[in-house]
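See below for the structure under consideration.
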Amino acid sequence: MKLFSMPKSLVLSASIIFMLNSYCCAPKVNDFRKASKIDRIMDSWVGHYQSELVAYWGAPTEIVSDGKGGSVVIYESLKGTWGNLRDKRIVGGTHYPTKSRQPGYAATRIFYVNEEGIIYSWKWSGL
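Quick note on the numbering used here: the sequence shown kicks off at 2 and runs consecutively.
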């Protein structure tokens, strides 16, 4: 006894849509690996001095006060970016605008430093 019947083409179409949606919208395994690696790297700096971080990573994008005697150290880099839309090329003393470029996204790494200069926390965004 059949409870209901669907045309085979409808079942096949629904199955394909479900599989494509699962593949396209689910987080990729590689993203989880990258995120886990970033977590380990960031966490490895907890307990170290800000000066050690800067000596190893180089000058941060910005250092701001946390309002409690400590600081917030921010590193930001552009990923998947082919340049600034306002870039100009100088050739023979003449400015030529470069081709349109597509912006990417910012990868941000933030470290929280206490008043003794020791990193106690962190957060990040952008793989």
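Note that CB positions come from ideal geometry on N, CA and C, so glycine has one too.
Predicted model, so just to flag it, every value in this text is computed and none were measured.
A direct Cα-Cα distance of roughly 15 Å separates Trp123 from Thr62.
The way I'd put it, the segment 109 to 125 does touch the segment 63 to 78; three or more beta-carbon pairs between them come closer than 8 Å. Between the alpha carbons of Lys38 and Gly68 lies a distance of about 30 Å. When the alpha-carbon of Ala108 is set against those of Lys80, Ala60, Tyr57, Val65, the nearest one is in Lys80. Around the beta-carbon of Leu54, 16 or more other beta-carbon atoms lie within 10 Å, marking it buried. Thr109 has Glu77, Ser126 as its beta-bridge partners, per DSSP. Under the three-state reduction of DSSP, Val47 is assigned to coil, being neither helix nor strand.
Sequence-distant partners of His49 (beyond 5 residues in either direction) whose C-beta falls short of 8 Å from its own C-beta, in its chain, are Ile119, Ile120.
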